[in-house]
Amino acid sequence: MKNKKAKVLAVVLFLLPFILTLASLSIGRFHIPPKDLGRTIIQAISPSAGPEVSAATRDILFRIRLPRLLLALMAGAALSVSGASLQALFKNPLVNEYILGISFGAAFGAALSLVFLGKNFPAQAAAFIFALGAVLAVLLISGRFESHTVSLLLTGVIVSAFFQALLSLVEFFASPYALQSLFFWLMGSLSLATWKDLSISLPVMAVGVAALILMRWRLNVLSLSEEEAKSMGVNVRREKLLVILLTSMITAAATAVAGVIGWIGLIVPHLVRMMVGADNRKVVPLSAALGASVLIIADDITRVAATFEIPIGILTSLIGIPFFIILLRRSGKVWL
Amino acid sequence: MIRAFLILLFLALGSPPLFCLQSSGSASQRVTDSLGRRVVFPSRADKILSLQPEITRIVIALGAGERLVGVDYFIIKHDHLFPIIFPGGRKLPAVSNTPEDMNFEMVMKLDPDIIFVSPTELQMVDSLQSKVRRPVVALASMGSFSRLLDEIKLLGRVLGREERAAELVGDFLSRVEAVRKSVSSVLPGKKPRVYMSFWGSLTRTPVTYEPVDIAGGINCAAGILPAYLGTIATVVQLEQIVIWQPDVFLVQGNYPPRERPVTVEGVLLDKRFGSLPAVRNRKVFYTFGYWYWWDPAEVLIETLYLARLFHPEAAGPVSLETEGNEIFKKYYGIEGGFSSLCRVLECGRWDEK
Amino acid sequence: MSIEVRGLFFGYEDFRLSVEDLCFEGRKVTSIVGRNGAGKSTFLKCLAGVLPVPKPSLFLDGRNLASLRVRERAKLISYVPQELVLAFNYSVLDFVLMGRAAFLSPFSVPSREDLGTAAEALHFVGLEGFEKRDFSRLSSGERRLVLIARTLAQSAEILLLDEPTTFLDPKHEVEVMNLCRKLALDKGKTVIVTLHNLEMAIKYSDAMVFMKEGRVVASGRPDEVLNTDLLEQVYDIPMSIVTYDGKKIILT
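Residue numbers (the working numbering), protein chains in the order written: chain A, 0 to 335; chain B, 9 to 361; chain C, 10 to 261.
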């Protein structure tokens, strides 16, 4: 019976992001009733069907809301899958997707671009490059030691701190006007997502997430000690590197476009494990689905709650943390 | 009779202190600043530390620029207007490097009689006052002409330049009035709805911007609650701009061209704005916008510029550049000031279609 | 399948492991005994390929082990360490299933066949019915059995078990050792275990290897090789061997 319940849950979780996306297209300061929504979509496919929908409605739907929702979907999935994978890799459920320095690397890159480089170097590209740069630094520095997970984590903390210091330095030299855009980026926002931004970041995230979902069973094995995994025929060094590169790629791609959105990669995999257990064959894909849903809901809230934009990173923290505490206390168990 | 006269004489000679007290006026003045603080400061100030660029500019306009002992980092490092209106100003010490830090020792050394700060940098004010024991006044126009003029009058009093202040205020009011008159014949229904993209972001907009109002436009974002207390800015959702369907889209042009995060070209090419009347009719323009509050000459020129933009039929015969230079000469005593500014910001080409 | 060790050297800090010439016979249970720090675990780890050995010294039926890639090696040799790192709570079956890693690419998921092999392994160690139980909630003894099931699922010919009976109660100790014998006899595996319990070693091994300070002091069948002088040499305390009820008992 437990099996059936689990199956139903899995199906619900998988369908949820798509249902939410469709529903969210209606939601916003400008409420588009489902009827108009349907009409607009149909007209996009065959323009002559039915009375014209206003250009404003069409633009809002397809050029503002749809890219934003797709970004929420993909970034939510990417951050959650990244968190789940790294938790398995580092054998530590407290690890999050930013542990290898990605958030501060990306922030520094964006700051550099916004303050010094201007339009020659768009902030997204700079953020992506420096995010990966941070991870590379972590790998190179900790590679001098015996790629122990502890040394990777420690190096991640150090590299993060270093980029944080660099970030402060850039902020120090910036005019207040440049700082304001940076500030918003640091707190996470899906508001300025354009199709152009998505045309690069969505495929990158999709490929990475798909690859990690394929590796979902392997993550079980990688969550054992290195000795065990190696004796079971796993080229630990190589596969660990692969996972780190994939997670870094998708996290950097998400962060470059949406800013730093915290807590998703930590909380979503936990929630999933509480529901279905630790087997990554279930945890990884369900984290993708749940993460997508969570971020879509969070984005819906930011769009409806007030006239101005609440940065989504603040929302995920404010809601995510207490919610998580409640769940922990209810279930009585910790991750083990 | 003589006795009475002698008594009177004695009284008259014996009471100079009373007269002195009164003739020196009140040795101090009280003002309620923009943060609602009541500050007591000397009625005459010889040394002014201005950490508020708007105030700095007013001090210069009042001809008291030599009384500035120090300024803030923004005006030295990031302001392109300052070297135009006060060429010697670059040599002034900048007392802070960022909004948060402040070189208290330098402040003490400079020994100002009064310190002006911006009301949005809240942390500074009380800590500064308690540390340096000088009067600190937080003042800014906050997007209102009347407050700007009050500042000019206050500083006129403090600097002993009341006449000059009155002259500037009078000039300002008369020019604004002229603009108001020229657009007064426009019917309310024909007033363009204006959206302003300020502070380098498509979605950040001021909830109040008087030049637009005076020039006969309607600010789309009027009446929205500001995003942060004590400021006049808010961040709207992109959708909201599309819903508003503004007739005119203004982009802050006070950044030098290569530093502009948002550009007119960018807005015209942005497919999300395709339905906006402003984009369809190519009514997307640069305007000056806030630049650490206002400069009185610049904002005056901006009002004239916007009036011409919104209601070209109401424009006078004089070209904007000529009038602009005239205003800069009046306020700062320099020749070709507006032209110099246009060289930096390329504002001569702003109203090209 | 037999393992030959020829000139195995491994050193770290002050410790030197040196095994000149040793052979572990196929289809037999060999136990490695000695004091703490004698190098038993280190030796086992070298055999397992967990520790890198400077020059090729391990040969499987004549084949140089060092030339094999990690995956191929895992199909021949499996290893159960002494300590477990347990960060997540997997089910027993999922745990055993991990033993199939050598047969799957990083992007594959276990097939029905793999599941069958895992279930069979569980059955062999006597834990059928335990599939859905939480691994972390099992007793030490049961966990040991699950680990052995995992190595069985790995389908390797050679099983290396590092102190499989430590911390177990006598009943479970006997269960595990019986299992080792069963693996050698019924499945034809070469089982190599490190043990502290001499009596268990004597009773259940076909061959014993005595180690001291990184060197092999003696090796061979228990009844051939065992004597009090050897024991004193290996353990540094006088011991006597007593036979009671057909079983050999060691007294200190």
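Think of the CB as a built atom: it goes at the ideal place given N, C-alpha and C, for glycine as much as any other residue.
With a threshold of 8 Å between beta carbons, is H30/A in contact with chain C? By this cut-off, H30/A is not an interface position.
Given that a residue counts as buried once 16 or more other Cβ atoms are within 10 Å of its Cβ, and exposed if not, what is H30/A? Result: exposed.
Name the residue from L308/B, L57/B and P219/B whose alpha carbon lies nearest to the alpha carbon of K117/B. Selection L308/B, L57/B and P219/B evaluated against K117/B yields L57/B as nearest (Cα-Cα).
Residue of G27/A, L72/A and A110/A minimising C-alpha distance to A177/A: When only C-alpha atoms are compared, the closest one is A110/A.
K90/A, DSSP secondary structure in three states: Note: K90/A maps to coil in three-state DSSP.
Against chain A, which members of the stretch 93-123 of chain C pass a CB distance test of less than 9 Å? Residues passing the 9 Å Cβ filter: L93, V94, L95, A96, F97, N98, Y99, S100, D103, F104, L106, M107, G108, R109, A110, A111, F112, L113, S114, P115, F116, S117, V118 and P119.
Tell me, to the nearest whole angstrom, how far the beta carbon of P175/A is from that of F82/B; I am working on the premise that it is less than 8 Å. The pair is a contact, with the Cβ atoms about 7 Å apart (cut-off 8 Å).
Contact residues within the stretch 268-282 of chain A, judged by C-beta distance below 8 Å to chain C: Close to chain C, meaning a Cβ-Cβ distance shorter than 8 Å, are the following residues of the stretch 268-282 of chain A: R272, G276, A277, D278 and R280.
Distance check for S159/A and E226/A, CA to CA, integer angstroms please. Straight-line Cα distance between these residues: approximately 29 Å.
Hey, F183/A and P310/A: beta-carbon distance below 8 Å or not? Contact: yes.
At the 8 Å Cβ level, is S174/A part of the contact set with chain B, yes or no? S174/A belongs to the set of residues whose beta carbon lies under 8 Å from a beta carbon in chain B.
Are D196/A and S283/B close, meaning C-beta to C-beta below 8 Å? Pairing D196/A with S283/B gives a Cβ-Cβ distance that is not under 8 Å.
So L68/A packs on L24/A, CB below 8 Å; how close in whole Å? Contact flag correct, Cβ pair sits at about 7 Å.
Could you check the C-alpha separation between S224/B and Y298/B for me, to the nearest Å? Checking the sequence, you will find Gly at residue 224/B rather than Ser. The straight-line gap from Cα to Cα measures roughly 19 Å.
Beta carbon of E62/B nearer than 8 Å to that of W301/B: Contact flag set, yes.
Checking 8 Å against the spacing of the C-beta atoms, do A210/A and V256/A come in under that value? It is not a contact, given that the beta carbons lie outside the stated cut-off.
Sequence-distant residues of the same chain with beta carbon closer than 6 Å to A130/C, five excluded per side: If we look at A130/C and ignore the five residues flanking it on each side, its Cβ neighbours are V105, A158, L161 and A162.
Does the CB of Q242/C have a neighbour CB from chain A at under 8 Å? Output row for Q242/C: interface = no.
Going by C-alpha distance, which of A127/C, L156/C and R224/C is nearest I41/C? For I41/C, the nearest C-alpha among the options comes from R224/C.
Measure how close the beta-carbons of M274/A and A110/C come, nearest whole angstrom, since I'm counting them as under 8 Å. Your pair M274/A and A110/C does not check out as a contact, with CB atoms roughly 26 Å apart and the cut at 8 Å.
If we define contact as Cβ-Cβ less than 8 Å, is W184/A a contact residue for chain C? No, W184/A lies away from the interface with chain C (no Cβ there is under 8 Å from its Cβ).
What residues in its chain sit with their C-beta under 8 Å from that of S209/B, if we drop five residues either side in the sequence? Closer than 8 Å at Cβ, skipping near neighbours: V243, P269 and V270.
Using 8 Å as the Cβ pair cut-off and three pairs as the minimum, do the stretch 72-82 of chain A and the stretch 294-306 of chain A touch? In short, these stretches touch, since the Cβ pair count reaches three.
What first and last residue would you give for the alpha helix (DSSP H) that runs through Y88/C? Counting along the chain, Y88/C falls outside any alpha helix (DSSP H), though it belongs to the beta strand (DSSP E) covering I86 to V89.
Between the alpha carbons of G204/A and V352/B, how many angstroms are there, rounded? Per the sequence presented here, residue 204/A reads as Met, with Gly not at that position. Taking the straight line joining both Cα atoms gives about 42 Å.
Check each candidate in V271/A, P16/A and F61/A and name the one with the smallest Cα separation from G37/A. The residue with the shortest Cα to Cα distance from G37/A is F61/A.
Can you look up A1/B in the DSSP assignment and give me helix, strand or coil? Residue 1/B is absent from the model: chain B starts at 9 and stops at 361.
Cα-Cα separation between E140/C and L53/C, rounded to whole angstroms: Straight-line Cα distance between these residues: approximately 29 Å.
Any residues in the stretch 71-102 of chain A with a beta carbon nearer than 9 Å to a beta carbon of chain C? Which ones, in chain order? Taken in chain order, the members of the stretch 71-102 of chain A whose beta-carbon sits within less than 9 Å of a beta-carbon on chain C are Q86, A87, F89, K90, N91 and P92.
For the ligand MG, is there a heavy atom less than 7 Å away from the beta-carbon of L36/A? The model depicted lacks the ligand MG and carries no ligand whatsoever.
T306/A CB to nearest chain B CB: under 8 Å? The beta carbon of T306/A falls within 8 Å of a beta carbon belonging to chain B, placing the residue at that interface.
Excluding five sequence neighbours on each side, which residues of the same chain lie with their C-beta closer than 7 Å to the C-beta of A53/B? Excluding positions up to five away in sequence, the list reads D121, I122, V166 and L167.
Do C350/B and G356/B have their C-beta atoms closer together than 8 Å? It is a contact, given that the beta carbons lie within the stated cut-off.
Would you report the Cα separation of Q4/C and E13/C, rounded to the nearest angstrom? Residue 4/C lies beyond the stretch modelled for chain C, which goes from 10 to 261, so this question has no answer here.
Look up S27/C in the DSSP assignment and give the residues it is bridged to. S27/C is bridged by DSSP to F18/C and R224/C.
Between I59/A and chain B, is any beta-carbon pair separated by less than 8 Å? Chain B, which has a Cβ nearer than 8 Å to the Cβ of I59/A, makes this yes.
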